[in-house]
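Numbering (my numbering), first residue to last: 572 to 749.
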């Protein structure tokens, strides 16, 4: 039995989906390059391990390319791809193959001591607070985009950001006192 061909044309174009123009490989690549750092930061935030983060980013990109015809609105490409990445990270954690270290600062080199303290404090936050903070403050997603990526109501994301910032502030203040 012959394997089924990939869901894209041999010239590097995606099949037409509901009358919209397909995204070509070079457009996909350029959009991914623009998001690379954000995706990696998000994966490190979840997995706390460079190697696992890099693997999950690659898996997410492969998954996104294969599922590109399912993207209903190309304007939401960034949030769609970030959601795929988060799902890949969670699948890795569930599989038990993750090499989570628990120390975020071991994996993200900080250019100055001030950033190192912030990274330590971020790593100490629960994921439900850390992830919205990274998406909103570090990666620069809007409140609505962050809510869409996390599949949470906007009000929930607002309160998680507020609580997360308070916890982050308390952690940083306790570091200063020591």
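Yeah, the Cβ is synthetic: ideal placement off N, Cα and C, and Gly gets one too.
One Cα belongs to residue 747, the other to residue 735, and the distance between them is close to 18 angstroms. The three-state secondary structure of residue 697, taken from DSSP, is coil. Secondary structure note for residue 733: its alpha helix (DSSP H) is the uninterrupted segment 725 to 748.
With a 10 Å radius around the Cβ and a threshold of 16 neighbouring Cβ atoms, residue 686 comes out exposed. One thing to note: residue 732 has its Cβ within 8 angstroms of the Cβ of residue 703.
Its chain contains 724, 725, 728 as the residues whose beta carbon lies nearer than 7 angstroms to that of residue 718, once the 5 sequence neighbours on both sides are disregarded; these appear in chain order. For residue 643 and residue 693, the gap between their C-alpha atoms comes out near 34 angstroms.
By the neighbour-count definition (other C-beta atoms within 10 Å, threshold 16), residue 690 is a buried residue.
Rounded to whole angstroms, residue 645 and residue 604 show a C-alpha spacing of 16 angstroms. Judged by their CB atoms, residue 653 and residue 720 are nearer to each other than the 8 angstroms cut-off. Here residue 712 has 706 as same chain residues with Cβ atoms under 6 angstroms from its own Cβ, once five neighbours each way along the sequence are excluded.
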